[in-house]
Amino acid sequence: MRHSIALGLVIVAAEAVLGACSSNKDLGDAFNAGGTGASAGSGGGDASTDDGSASGCFGVLCGDQSLCCSADQECVAGSCLAACQNGVRCGTTCCGNGDLCVAATCVTPTTGCADSVDCAPKEFCEPGAGKCVPEVPGAQQCTYQRPVKPFAPVLKWSWESSTIQPNYDQAISAPLVADLDKDGTPDVVFTTTTGSMSTSSTPGFVRVVDGKTGSEKWPANVAAYLTENQVQAIFAPALADLDGDGSIEIVTMGNDSRLIAFGPDGSLRWKSTKPGGAAHTMSSWGSSISIADMDGDGHGEVVMGASIFDYQGVLVSGSGQHGAGGLDYAGKGSLHSSSSIIVDVDGDAKQEVVTGNTAYRMDGTTVWTNTNGDGFPGVADFDHDGNAELVVVTRTSVRVHDLATGVLRVETPLGLSEGGPPVIADFDGDGTPEIGVQPGCAFLTFEYDASQKTLTKSWETALKSCSGFFVATAFDFEGDGAVEILAHDDCYVSLLSGKTGTVLTQLPASHATWTEFVSVADVDGDLSADLLFSANDEFGGAPYNYASYCAYKSGETARHGVYVYSDPDGAWMPTRRIWNQQPYHITNIKSDGSLPKVETPSFGPGGYNDYRVSAQGKGAVNAADLVVNLSASLVKFCPAEVEMVATVQNQGSVSAPANVEVSFYAGKPPSGTYLGHAFTTQILSPGKSEQVKLTVTAKNDQAYYVVVDASSAGTGIVDECVETNNTATIAGVGCNKAPH
Numbered sequence: 233m234r235h236s237i238a239l240g241l242v243i244v245a246a247e248a249v250l251g252a253c254s255s256n257k258d259l260g261d262a263f264n265a266g267g268t269g270a271s272a273g274s275g276g277g278d279a280s281t282d283d284g285s286a287s288g289c290f291g292v293l294c295g296d297q298s299l300c301c302s303a304d305q306e307c308v309a310g311s312c313l314a315a316c317q318n319g320v321r322c323g324t325t326c327c328g329n330g331d332l333c334v335a336a337t338c339v340t341p342t343t344g345c346a347d348s349v350d351c352a353p354k355e356f357c358e359p360g361a362g363k364c365v366p367e368v369p370g371a372q373q374c375t376y377q378r379p380v381k382p383f384a385p386v387l388k389w390s391w392e393s394s395t396i397q398p399n400y401d402q403a404i405s406a407p408l409v410a411d412l413d414k415d416g417t418p419d420v421v422f423t424t425t426t427g428s429m430s431t432s433s434t435p436g437f438v439r440v441v442d443g444k445t446g447s448e449k450w451p452a453n454v455a456a457y458l459t460e461n462q463v464q465a466i467f468a469p470a471l472a473d474l475d476g477d478g479s480i481e482i483v484t485m486g487n488d489s490r491l492i493a494f495g496p497d498g499s500l501r502w503k504s505t506k507p508g509g510a511a512h513t514m515s516s517w518g519s520s521i522s523i524a525d526m527d528g529d530g531h532g533e534v535v536m537g538a539s540i541f542d543y544q545g546v547l548v549s550g551s552g553q554h555g556a557g558g559l560d561y562a563g564k565g566s567l568h569s570s571s572s573i574i575v576d577v578d579g580d581a582k583q584e585v586v587t588g589n590t591a592y593r594m595d596g597t598t599v600w601t602n603t604n605g606d607g608f609p610g611v612a613d614f615d616h617d618g619n620a621e622l623v624v625v626t627r628t629s630v631r632v633h634d635l636a637t638g639v640l641r642v643e644t645p646l647g648l649s650e651g652g653p654p655v656i657a658d659f660d661g662d663g664t665p666e667i668g669v670q671p672g673c674a675f676l677t678f679e680y681d682a683s684q685k686t687l688t689k690s691w692e693t694a695l696k697s698c699s700g701f702f703v704a705t706a707f708d709f710e711g712d713g714a715v716e717i718l719a720h721d722d723c724y725v726s727l728l729s730g731k732t733g734t735v736l737t738q739l740p741a742s743h744a745t746w747t748e749f750v751s752v753a754d755v756d757g758d759l760s761a762d763l764l765f766s767a768n769d770e771f772g773g774a775p776y777n778y779a780s781y782c783a784y785k786s787g788e789t790a791r792h793g794v795y796v797y798s799d800p801d802g803a804w805m806p807t808r809r810i811w812n813q814q815p816y817h818i819t820n821i822k823s824d825g826s827l828p829k830v831e832t833p834s835f836g837p838g839g840y841n842d843y844r845v846s847a848q849g850k851g852a853v854n855a856a857d858l859v860v861n862l863s864a865s866l867v868k869f870c871p872a873e874v875e876m877v878a879t880v881q882n883q884g885s886v887s888a889p890a891n892v893e894v895s896f897y898a899g900k901p902p903s904g905t906y907l908g909h910a911f912t913t914q915i916l917s918p919g920k921s922e923q924v925k926l927t928v929t930a931k932n933d934q935a936y937y938v939v940v941d942a943s944s945a946g947t948g949i950v951d952e953c954v955e956t957n958n959t960a961t962i963a964g965v966g967c968n969k970a971p972h
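Written out as structure tokens, the structure reads:
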């Protein structure tokens, strides 16, 4: 059976789905459609006649004891109970209007949501309702653990060419994901260039494609495709609603060395200026942008290195006198790449810019600085004391500092050079995060012991061929608490076991690498994570011999464009529909691309205590639990026919999709005679029920049974926390019990 529901998603209008869903894609469509039913006709059985009695059941027969329920009752587990007017029941209790039944408790949903990051810390996003639902303290949720299977991702779609600026087909920056046009399907944003890449200027264009199909979203005449609005293709853009107007901006580095912002429709929003209006240029390249509402005023700030710009691209404070959150390539003495981060270092609900050796306030003044060299930063709470540690990766070492003061706690050599920004996550499932770094041509993980102030290498895995400053990312694809690592080198994207470093799978991804990374997001709303990466196969204006350089095996080849991979059976865990920047840390962005006025600390109780990691969100393993009650209506159809009434209820913790098959049989399970089937027609939120009916030829004293979410072939579509409660029986059914 397929997984029914996981991470909270926006319910979106779509084409009707008829019949039983046969894949996770069908299941996602069923949720989005809101449900359209289809039913089958009557089944067999011998004709019977009334026994001539003067009395009978005016309601419905219920259960094996053939109880007669009145018109205002319903059959529940073989008993006649008062019907719930809104159809939401918790055991024998009818929940109030708008309530759901979660963990056998009536709960009232709160705010709207698209995923659980939109909800309060003790809530999860229930997708059918599209609202946040309070967790029931001490109660056991209905959950489902997806089976572990070998990693064998398949290509979902690729973008490799375009009729718009067709010479610019070499994808460089990592793909970012957000629903720019608010049509319910995420969009994928990336930059492309020609083969004339260099280490000083690589002009290109921003592109946007549909997350479900990979088709282009912008026409050729938008401002983003004008020569004067070309961008630095090796620069990592960022996405966010900067001005709070409900639309998402794309911010990157222009080819004229000014930051540039585009609207979701490809229009030009601004280019960076000084406060007086003069153009403001910056010299750093191969860098990334961070975006946050640093002062909580409802407008986002854009940070590049140690420079802060307002939501209209006006410089707020300069580059500072210390670090910029980056490194020089190969020790050449000039800033090659920066990736500063934004975090509240002192707990005042206002955020600061943090580099490798300095923390800056929004006005450019210094919170703290130290004498250590600059580097790439990340944060997490390694000792679970509520206070974060700052991780800094330099060209040759990894350090841990106190975030609030910048005081160095420990430093250890990498053993290799050109380390990239750290990825921080619980790689081994022990409840404490580890540090991952990709220096040189290997991936290393480190354990930080806060009590001993030691930093110890856990494992090291060699990669194929590397040029340095790679950005690794991570995701728990299996939902087992131990994340997998995604490492991009010059030749492959490698999926590594977080526990051991074992290479689980490799995908050809030729790349003249800078600071690209692999994004993880649900790009098409099918309730399963996808991984996305860029590739290119030219350098210096001509095709590059990656086949020889990478020693590709048979069937592998160099390629260019953007590639989206997924599990063929939809077995990967669900995740968010957004990844908006390189220093992504889940709580930095809401599902709709808006910025939190006061960001929940990524390392705090409401955070996820990781960095550059995607997440399923709270409630991701919650599941549906479909149960069914069977009754028989005699009055309308006797003496020739009997109407079988199956009441399908969801007793789980998240919604079940529409179009779930309900199969009817004569006899006793499991060897009855198949009579026919029908389908549910609506999304069943927790506690909600729906009646599904089938008219059959009458026969006296007949036993029947019904099975929900199983076709006559025995297959179903909903992964449930309990798979053994999908059958209900009734005995002694016949028109001899019908009234005259």
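In my numbering, the protein residues as written are 233 to 972. The beta carbon of each residue, even a glycine, is placed where N, CA and C say it ideally should be. Since the model is a prediction, treat every value here as computed from it, not as a measurement.
Going by C-alpha positions, Lys444 is about 13 Å away from Val794.
Val928 places its beta carbon 8 Å or farther from that of Thr959. Lys363 is bridged by DSSP to Gly344, Glu358. Going by DSSP, Tyr816 is part of no alpha helix (DSSP H) at all; its letter is neither H nor E. Our two residues, Cys357 and Gln402, have alpha carbons roughly 38 Å apart in a direct line.
Taking each of Ser311, Arg641, His817, Asp951 in turn and checking the Cα distance to Pro654, the smallest one comes out for His817.
In terms of CA proximity to Ala864, Val877 leads the group Met536, Asp419, Val877.
Here the alpha carbons of Val632 and Gly588 stand approximately 10 Å from one another. Distance from the CA atom of Leu862 to the CA atom of Thr879, rounded to whole angstroms, is 6 Å. DSSP places Tyr778 in no beta strand (DSSP E) but in the uninterrupted alpha helix (DSSP H) bounded by 778-782. As computed with DSSP, Trp746 is found in no beta bridge at all. For the 8 Å CB-CB criterion, Gly802 and Ser846 do not form a contact. Burial is judged here by how many other beta carbons sit within 10 angstroms of a residue's own beta carbon; Asn318 has fewer than 16 and is exposed.
The beta carbon of Leu412 sits closer than 7 Å to those of Asp419, Val440, Ile480, Pro496, all from its chain and outside the five residues before and after it, given in chain order. In the three-state DSSP reduction, Lys969 falls in the helix class (H, G or I).
A check of alpha carbon separations from Ser649 across Leu866, Pro671, Thr434, Thr664 identifies Pro671 as the nearest. Within the DSSP bridge table, the entry for Tyr897 names Tyr906, Tyr937 as partners.
Non-local C-beta neighbours of Trp746 in its own chain, meaning closer than 6 Å and more than five positions away in sequence, comprise Ile466, Gly518, ordered along the chain.
By alpha-carbon distance to Gly323, the top candidate from Thr603, Thr337, His720, Val349 is Thr337.
Under the three-state reduction of DSSP, Asn329 is assigned to coil, being neither helix nor strand. Assigned with DSSP and collapsed to three states, Tyr680 falls in strand. DSSP places Ile717 inside the beta strand (DSSP E), whose first and last residues are 716-720. Taking C-alpha positions only, Ala346 is separated from Tyr457 by approximately 32 Å. Rounded to the nearest whole angstrom, the CA to CA distance from Ser571 to Pro469 is 12 Å. The beta-carbon separation of Pro918 and Asn882, rounded to 6 Å, stays under the 8 Å limit for a contact. Here Lys354 has Pro366, Glu367 as same chain residues with Cβ atoms under 7 Å from its own Cβ, once five neighbours each way along the sequence are excluded.
As the crow flies, the alpha-carbon of Asp442 is around 41 Å from that of Tyr680.
Shown here for Arg501: same chain residues with a beta carbon closer than 7 Å to its own, the five before and five after excluded, namely Glu481, Ala493, Phe494, Gly495 in chain order. Non-local beta-carbon contacts of Pro837 in its own chain, meaning distances under 7 Å to residues more than five positions away in sequence, involve Pro353 in chain order. Taking C-alpha positions only, Gly344 is separated from Gly849 by approximately 15 Å. For Asp658, same chain residues with a beta-carbon under 6 Å away, outside a window of 5 residues either side, are Pro665 in chain order. Under a 10 Å Cβ-count criterion, Lys363 is classified as buried, with 16 or more other Cβ atoms of the shown protein chains found around its own Cβ. Nearest neighbour of Gln814 by Cα position, chosen from Pro645, Val624, Thr705, turns out to be Thr705.
Separation of the CB atoms of Phe608 and Val624 is rounded to 7 Å, and the pair is thereby assigned contact status at 8 Å.
When the Cα atoms are used, Phe675 and Thr325 turn out to be separated by approximately 55 Å. In the three-state DSSP reduction, Glu460 falls in the helix class (H, G or I).
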